[in-house]
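In what follows, a single structure is set out as structure tokens and then discussed.
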Amino acid sequence: MMAIEPLELDVREELRNGGEPLPRILGTIKTLKPDQALRLRATFEPIPLYALLGRQGFAHETTHHGEGDWEILFTPGAPPPPPRGAATTRTPAEGDTGGAWPDPSVSLDNRGLSPPEPMMRILDALEHLTPDGVVEALNEREPMFLYPELEKRGAVIRVDKRPDGAVRLQIRRGA
Numbered sequence: 030m031m032a033i034e035p036l037e038l039d040v041r042e043e044l045r046n047g048g049e050p051l052p053r054i055l056g057t058i059k060t061l062k063p064d065q066a067l068r069l070r071a072t073f074e075p076i077p078l079y080a081l082l083g084r085q086g087f088a089h090e091t092t093h094h095g096e097g098d099w100e101i102l103f104t105p106g107a108p109p110p111p112p113r114g115a116a117t118t119r120t121p122a123e124g125d126t127g128g129a130w131p132d133p134s135v136s137l138d139n140r141g142l143s144p145p146e147p148m149m150r151i152l153d154a155l156e157h158l159t160p161d162g163v164v165e166a167l168n169e170r171e172p173m174f175l176y177p178e179l180e181k182r183g184a185v186i187r188v189d190k191r192p193d194g195a196v197r198l199q200i201r202r203g204a
């Protein structure tokens, strides 16, 4: 039996233009034939995508070709992921009744930064946060890759989506 050629998806130009290719990547994953791989080209190593697609049964192999040129082969058949943590994601629409949060200990303005820098700044701030601290971050768009990373860390998050498309996040460490 002949192996199925991987489906090619290059999102480098979209990323360079400030786009968010996650919906296109996830849509492409849905079109794969059984046992077909996806060869993704990106401008950075999409570490959060590893966990996201890993939960869907994809393993990955990564090759760094140089500045702004990454190639990731996502192959179906990965072992099942470990059980998910007990993290909570809260938004005002879900009726967050967790009471008042302290004022932010750290405020980050991530607008104008290219991925994955906003996510890396938020995760670094969360790592250095005091137990009762809050990280507040303003991003140009909703950080879909960030949510699984926060979930793994047991973080609690409040999301405020602004009319201009920006997103204000408030994040507390998990217990």
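The numbering of the sequence shown is my numbering, which starts it at 30 and goes up by one.
Virtual Cβ for every residue (Gly too), placed ideally from N, Cα, C.
Ile54: member of the alpha helix (DSSP H) spanning 51-60, first to last residue.
Taking each of Pro133, Leu38, Gly86 in turn and checking the Cα distance to Arg70, the smallest one comes out for Leu38.
The C-beta distance from Val196 to Glu180 rounds to 17 Å, too long to fall under 8 Å, and the pair is not in contact. In the three-state reduction of the DSSP assignment, Arg182 falls in the coil class, being assigned neither a helical nor a strand state. As for any alpha helix (DSSP H) of minimum length 4 sitting wholly inside the stretch 128-197, the runs are 146-156, 175-181, ordered along the chain. Distance from Leu142 to Ala166 at the Cβ level is roughly 11 Å; contact not present, criterion being Cβ atoms closer than 8 Å.
Residue range 41-45 is occupied by the alpha helix (DSSP H) that includes Glu42.
Taken atom to atom, the span from the alpha-carbon of Gly48 to that of Val40 is near 9 Å.
DSSP, reduced to helix, strand and coil, places Pro77 within a helical segment of the structure shown. In this structure, Ala80 sits away from Pro105, with a CB-CB distance that is not shorter than 8 Å. By the neighbour-count criterion, in which a residue is buried when 16 or more other Cβ atoms sit within 10 angstroms of its Cβ, Ile151 is buried. Bounds of the beta strand (DSSP E) holding Ile101 are 98-105.
Here DSSP, grouped into helix, strand and coil, assigns Gly95 to strand.
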